[in-house]
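All letters in the sequence shown, in the order written, are residues 1 to 285 by the numbering used here.
A virtual CB, placed ideally from N, CA and C, is assigned to each residue, including glycine.
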Amino acid sequence: MHLPGFIRITRPANCLVAGGAAIIAYFIAAGSFIPETLFLFVTVLLITAAGNTINDAYDAAIDAINRPDRPIPSGEMTVRTAQQYSLLLFIGGIGAALFTNSICLSIAVFNTLILFFYARSLKKAMLIGNIAVAYLSGSIFLFGGALAGIEGLIITLPLVAITFFGTVAREILKDAEDIDGDALGGATTFPMVAGLQRSVTVAFGCAIIAVMASLIPVLWWGLPYLVGILVLDGAILKSVYSVRRCSTPACVRDLRVTKQLAYLMYAALLIFALAAGMEIFIPID
Numbered sequence: 001m002h003l004p005g006f007i008r009i010t011r012p013a014n015c016l017v018a019g020g021a022a023i024i025a026y027f028i029a030a031g032s033f034i035p036e037t038l039f040l041f042v043t044v045l046l047i048t049a050a051g052n053t054i055n056d057a058y059d060a061a062i063d064a065i066n067r068p069d070r071p072i073p074s075g076e077m078t079v080r081t082a083q084q085y086s087l088l089l090f091i092g093g094i095g096a097a098l099f100t101n102s103i104c105l106s107i108a109v110f111n112t113l114i115l116f117f118y119a120r121s122l123k124k125a126m127l128i129g130n131i132a133v134a135y136l137s138g139s140i141f142l143f144g145g146a147l148a149g150i151e152g153l154i155i156t157l158p159l160v161a162i163t164f165f166g167t168v169a170r171e172i173l174k175d176a177e178d179i180d181g182d183a184l185g186g187a188t189t190f191p192m193v194a195g196l197q198r199s200v201t202v203a204f205g206c207a208i209i210a211v212m213a214s215l216i217p218v219l220w221w222g223l224p225y226l227v228g229i230l231v232l233d234g235a236i237l238k239s240v241y242s243v244r245r246c247s248t249p250a251c252v253r254d255l256r257v258t259k260q261l262a263y264l265m266y267a268a269l270l271i272f273a274l275a276a277g278m279e280i281f282i283p284i285d
């Protein structure tokens with residue numbers, strides 16, 4: 001099914017998963033659900049949608065080369081319309097955050113600023129853009145945990161670390177895929193400066209740190225979590241390591257490793273949710 005451009009530009013699947021992750025984070029932190037979790041979901045969904053939209057608005061020239069099927073380069077939406085649309089989405093997201101708490105609202109406002117400056121300039125700064133994206137991904141868990149207060153925020157920190165380092169690895173590999181288009185668009189990315197093989201080595205190192213962080217929750221979730229996460233960790237390391245044989249951006253694209261990592265991180269969310277549920281409903285002594 002071909003979705004309209006104003007929906008596709010937001011990356012709806014990505015937005016839904018991000019909103020769901022915030023709810024999972026609250027459940028992990030508090031062990032229950034409250035009505036305000038709906039506002040967590042709406043806030044993250046709208047701000048993520050806004051970030052994706054403004055990103056495409058600033059990326060129109062690069063996407064004409066790397067992603068010509070996206071709404072702006074394909075002619076379904078103008079850059080100005082995308083900018084206006086993103087503003088409405090940002091306002092809606094911050095409005096929803098007003099119904100959470102002061103910590104969540106602060107994170108929502110801060111992330112809105114990061115998303116705007118990322119789209120406008122940070123993405124072209126070597127590694128800084130990758131780190132910004134990784135922070136934004138990990139902050140979803142902070143946002144969800146923060147609804148349960150400072151203690152809830154602290155409980156989610158291991159999940160933040162997993163997401164942060166896993167996302168850095170994925171973002172570096174995405175840049176490796178897009179070296180040709182980024183060069184024409186004037187961007188200076190880590191793979192362009194360090195080379196493909198060094199970039200893969202750094203990405204693999206980040207994946208190892210993410211895997212190490214993923215073992216911390218074993219302390220409170222026990223053996224069932226360990227079994228599930230080890231399978232996932234093995235798949236993550238194998239996926240990233242496979243890129244070592246590549247010498248061209250086309251090879252990295254053909255392996256579809258960034259897609260694999262996205263799906264594996266979605267699977268990690270499921271494992272987190274199942275482990276938290278087992279702890280609540282089948283307490284582990």
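Membership of residue 199 in the alpha helix (DSSP H) is indicated by the continuous run 196 to 214. The C-alpha of residue 16 lies about 14 Å from the C-alpha of residue 270. With a 10 Å radius around the Cβ and a threshold of 16 neighbouring Cβ atoms, residue 123 comes out buried. Selection 65, 69, 29, 116 evaluated against residue 49 yields 116 as nearest (Cα-Cα).
Taking 9 Å as the cut-off, the Cβ atoms of residue 112 and residue 93 count as close. Counting along the chain, the unbroken alpha helix (DSSP H) around residue 240 starts and ends at 218 to 241. Taking all protein chains shown into account, residue 28 has 16 or more neighbouring C-beta atoms within 10 Å of its C-beta and is therefore buried.
Between residue 141 and residue 127, the gap from beta carbon to beta carbon reaches 9 Å or more. In this structure, residue 210 sits near residue 165, with a CB-CB distance shorter than 9 Å.
About 19 Å separates the beta carbon of residue 139 from that of residue 91, a gap too long to meet the 8 Å contact definition. Collapsing the DSSP output to three states places residue 8 in a helix. Ranking 20, 10, 51, 255 by CA distance to the CA of residue 70 puts 10 first. Contact annotation: the segment 55 to 67 touches the segment 183 to 193, with at least three C-beta pairs closer than 8 Å.
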